[in-house]
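Participant: Going down the list, the sequences are from chains R and B. For the first sequence, position 180 matches number 182 in this note's numbering, and the numbering has no gaps at all. For the second sequence, position 38 matches number 40 in this note's numbering, and the numbering has no gaps at all. Backbone N, C-alpha and C define an ideal beta-carbon position, used for all residues, glycine too.
There are 2 protein chains.
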Amino acid sequence: MTRNAPSTEDKIKEAARKLFVEKGFGSATTRDIAECAETNVALVNYYFRSKENLFQAVFQESFAQTFVPIAGILNDDLPLEVKIYKFVDQITDLLKRAPMLPIFILSEMRGEHAPMCQAMQQAGAMQPADGFRKQLEEEAAKGHIRPVDARQVEANLMALVLFPFLGMNILKMKHQMSDEDFSKFVDERKKVVPETILAYLRSGLV
Amino acid sequence: MTRNAPSTEDKIKEAARKLFVEKGFGSATTRDIAECAETNVALVNYYFRSKENLFQAVFQESFAQTFVPIAGILNDDLPLEVKIYKFVDQITDLLKRAPMLPIFILSEMRGEHAPMCQAMQQAGAMQPADGFRKQLEEEAAKGHIRPVDARQVEANLMALVLFPFLGMNILKMKHQMSDEDFSKFVDERKKVVPETILAYLRSGLV
DNA sequence: CTTATTTTTAATCATTTGCTTAATGTTTGA
DNA sequence: TCAAACATTAAGCAAATGATTAAAAATAAG
Chain R
3 MTRNAPSTED KIKEAARKLF VEKGFGSATT RDIAECAETN VALVNYYFRS
53 KENLFQAVFQ ESFAQTFVPI AGILNDDLPL EVKIYKFVDQ ITDLLKRAPM
103 LPIFILSEMR GEHAPMCQAM QQAGAMQPAD GFRKQLEEEA AKGHIRPVDA
153 RQVEANLMAL VLFPFLGMNI LKMKHQMSDE DFSKFVDERK KVVPETILAY
203 LRSGLV
Chain B
3 MTRNAPSTED KIKEAARKLF VEKGFGSATT RDIAECAETN VALVNYYFRS
53 KENLFQAVFQ ESFAQTFVPI AGILNDDLPL EVKIYKFVDQ ITDLLKRAPM
103 LPIFILSEMR GEHAPMCQAM QQAGAMQPAD GFRKQLEEEA AKGHIRPVDA
153 RQVEANLMAL VLFPFLGMNI LKMKHQMSDE DFSKFVDERK KVVPETILAY
203 LRSGLV
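Given below as structure tokens:
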């Protein structure tokens, strides 16, 4: 019982994902993609009408795969400390499976594709983590943590989790890391990052 | 007394910097660059021999401008707390003047240009922050902070300072920020980030 | 001034790139 | 079974792109 052979359309989309993520929109050609998908250029346009169209399809899936889970976990109904550990743990594991997605998304969200941002905002793909904000306010009211700007805390969390993947190449080189070393490094951050966030939230309490 | 008219070569390099940073290597064409520099394509190749060559020149300058100061400040001879505040303050101001540099550098350091990493490593453009590591060890020995992995602390610092610029577009959209709002946001981080780092370093002390 | 060198221009070449077309093969459903 | 819809292929087009050339213009040197 062999796995279902993927449809041509799916093979093209997967090839496109690989190449767009690896080289960026401008440097990946339709012929690259066709070859990588083991078909020809005509089929790429037959299924997706244009390179731009294909890119949109790939980008939106990638975006949903990366940034939607992030807001999701933050709005979960969990105790603050548990939530933060869960967030770091799950996002880290997600990114270990697709380490280039963040840099792909952020880098394509410039220049001619910058307007996509707005489009996706309106599509509701990016709801603010309102539950998280309220939770921080409640915990502060109870005196469990100090009063904070939720946007700053959220940015800190995202920064600490995403950055090692965004700067993976530089990081690996700077510290002469093998793939395995890097994997260990981000695993260690499953402790470091929550401790950092919680230390900030709890610092300066009377 | 008007400022020296920039040479054609410099006008081309500046135009290239603007367009490479804005659109990436693959999406910026030599004709774009020539037009933006108010010359013609032949001159681009006359001064730089090839698009790839021009890119290398621009990239290396941008890299030096961004990542060398970072390691520099960390190795300065300053008390830990002062150093951290200075680091965040200076790098933030630097990035406010060139907010797209980080995403440019990280995004171009993939695909066909990934080998540049190694080349720049060997050129010594990326010395590890050894002074910072020793300082952290000494402070830990004195009991002023807890024992830490310097690489993790350094990564945290870089992450917290760089990330808002890397994710500028998403951030501005998610929180409906104007340019001014964003500027305020990163200025507030001049307090938030050092407090976060220091809270971590001082947490769990007996 | 004259010659040599450097800089600039316009025209052009060879490829590449996104996309289309027309013909052929394959599947599906009535 | 047969036609209608779908899938695939090879060939090619027009525009864009990186690079070059040869000649003209500007600048520097003797």
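Suppose you measure from the CA of B:Glu-156 to the CA of B:Phe-134; what does that come to, to the nearest Å?
Facilitator: Cα-Cα distance, rounded: 8 Å.
Participant: Please return the same chain residues whose Cβ sits closer than 6 Å to the Cβ of R:Leu-203, not counting the five positions on each side in sequence.
Facilitator: Correct list, in chain order: Ile-147.
Participant: So B:Met-118 is in the alpha helix (DSSP H); what residue range does that whole segment cover?
Facilitator: It spans 117 to 124 - the alpha helix (DSSP H) in which B:Met-118 sits, taken as one unbroken run.
Participant: Quick one: residues in its chain with C-beta nearer than 7 Å to the C-beta of B:Ala-201, no 5 flanking neighbours on either side, listed in chain order?
Facilitator: Cβ neighbours of B:Ala-201 beyond the five flanking positions: none.
Participant: May I ask you to list, following chain order, the residues of the stretch 136 to 150 of chain R that have a beta carbon less than 9 Å from some beta carbon of chain B?
Facilitator: So the list reads Val-150, given in the order they occur along the chain.
Participant: Quick one, are the C-beta atoms of B:Ala-73 and B:Ala-131 less than 7 Å apart?
Facilitator: In contact: B:Ala-73 and B:Ala-131 (Cβ atoms closer than 7 Å).
Participant: What is the DSSP secondary structure of B:Gly-206, reduced to helix, strand or coil?
Facilitator: Reduced to three states, the DSSP call for B:Gly-206 is coil.
Participant: Do we get a CB-CB distance below 7 Å when we pair R:Leu-108 with the residues of chain B?
Facilitator: Interface residue, yes.
Participant: Under 7 Å between the Cβ atoms of B:Leu-21 and B:Asp-12?
Facilitator: Contact flag unset, no.
Participant: What is the residue span of the alpha helix (DSSP H) that B:Asn-42 lies within?
Facilitator: Premise fails: B:Asn-42 is in no alpha helix (DSSP H) and is neither H nor E.
Participant: Let me make sure I understand the geometry here. Which of B:Ile-172, B:Glu-141, B:Lys-192, B:Met-160 has the alpha-carbon closest to that of B:Leu-207?
Facilitator: Cα-wise, what sits closest to B:Leu-207 is B:Glu-141.
Participant: Beta-carbon of B:Leu-168 versus every beta-carbon of chain R: anything under 7 Å?
Facilitator: Yes - at least one Cβ of chain R is within 7 Å of the one on B:Leu-168.
Participant: Are any of the Cβ atoms in chain R nearer than 7 Å to that of B:Ile-105?
Facilitator: B:Ile-105 counts as touching chain R.
Participant: From the DSSP output, in three-state form, read off R:Gly-226 for me.
Facilitator: Residue 226 of chain R is absent from the structure shown; chain R starts at 3 and stops at 208.
Participant: Using a beta-carbon distance below 7 Å, is B:Glu-182 in contact with chain R?
Facilitator: It does not; no Cβ of chain R falls within 7 Å.
Participant: Please tell me whether R:Arg-19 has its Cβ less than 7 Å away from any Cβ of chain B.
Facilitator: Chain B contact via Cβ: absent.
Participant: Just checking: is the beta-carbon of R:Val-194 within a distance shorter than 7 Å of some beta-carbon in chain B?
Facilitator: It does: the Cβ of R:Val-194 has a partner Cβ on chain B nearer than 7 Å.
Participant: Assign B:Asp-132 to one of three DSSP states: helix, strand, or coil.
Facilitator: Three-state DSSP puts B:Asp-132 in a helix.
Participant: How is R:Pro-196 classed by DSSP in three states: helix, strand or coil?
Facilitator: DSSP places R:Pro-196 in helix when its eight states are reduced to three.
Participant: The alpha helix (DSSP H) with B:Lys-174 in it runs from where to where?
Facilitator: 170 to 176 is the extent of the alpha helix (DSSP H) around B:Lys-174.
Participant: Between R:Phe-69 and the rest of its own chain, which residues show a CB-CB distance below 8 Å, the 5 nearest in sequence each way excluded?
Facilitator: These residues qualify, in order along the chain: Ile-107, Ala-127, Met-128.
Participant: Going along chain R in order, which residues have a C-beta closer than 9 Å to the C-beta of B:Leu-82?
Facilitator: Those do not exist, as B:Leu-82 stays about 16 Å from chain R at its closest Cβ, beyond 9 Å.
Participant: Tell me the rounded alpha-carbon separation between B:Glu-16 and B:Asp-183.
Facilitator: Distance between the alpha carbons of B:Glu-16 and B:Asp-183 is about 28 Å.
Participant: Nearest to R:Val-60 by CA position, among R:Phe-27, R:Glu-190, R:Ala-143, R:Asn-77, is which residue?
Facilitator: Looking at the Cα atoms, R:Phe-27 is the closest of the given residues.
Participant: Closest Cβ-Cβ distance between R:Asn-171 and chain B: below 7 Å?
Facilitator: With 7 Å as the cut-off, R:Asn-171 counts as an interface residue toward chain B.
Participant: Considering only their Cβ atoms, is the gap separating B:Thr-32 from B:Thr-10 smaller than 7 Å?
Facilitator: Contact flag unset, no.
Participant: May I have the straight-line CA-CA distance separating B:Gln-123 from B:Pro-71, to the nearest angstrom?
Facilitator: Between B:Gln-123 and B:Pro-71, the C-alpha separation is close to 15 Å.
Participant: Between which two residues does the alpha helix (DSSP H) harbouring B:Lys-98 extend?
Facilitator: 82 to 99 is the extent of the alpha helix (DSSP H) around B:Lys-98.
Participant: Along chain R, which residues have their Cβ under 7 Å away from the Cβ of B:Tyr-202?
Facilitator: The contacting residues are Glu-197, Thr-198, Ala-201.
Participant: Looking at C-beta atoms only, is the number of pairs between the stretch 87 to 94 of chain R and the stretch 108 to 122 of chain R that lie closer than 8 Å three or more?
Facilitator: Judged by Cβ distances under 8 Å, the stretch 87 to 94 of chain R makes no contact with the stretch 108 to 122 of chain R, as fewer than three pairs qualify.
Participant: At a CB-CB cut-off below 8 Å, which residues of chain R make contact with B:Gly-113?
Facilitator: Per Cβ cutoff of 8 Å: Glu-24, Lys-25, Gly-26, Ser-29.
Participant: Do B:Phe-165 and R:Ala-125 have their CB atoms nearer than 7 Å?
Facilitator: In this structure, R:Ala-125 does not lie closer than 7 Å to B:Phe-165 by Cβ.
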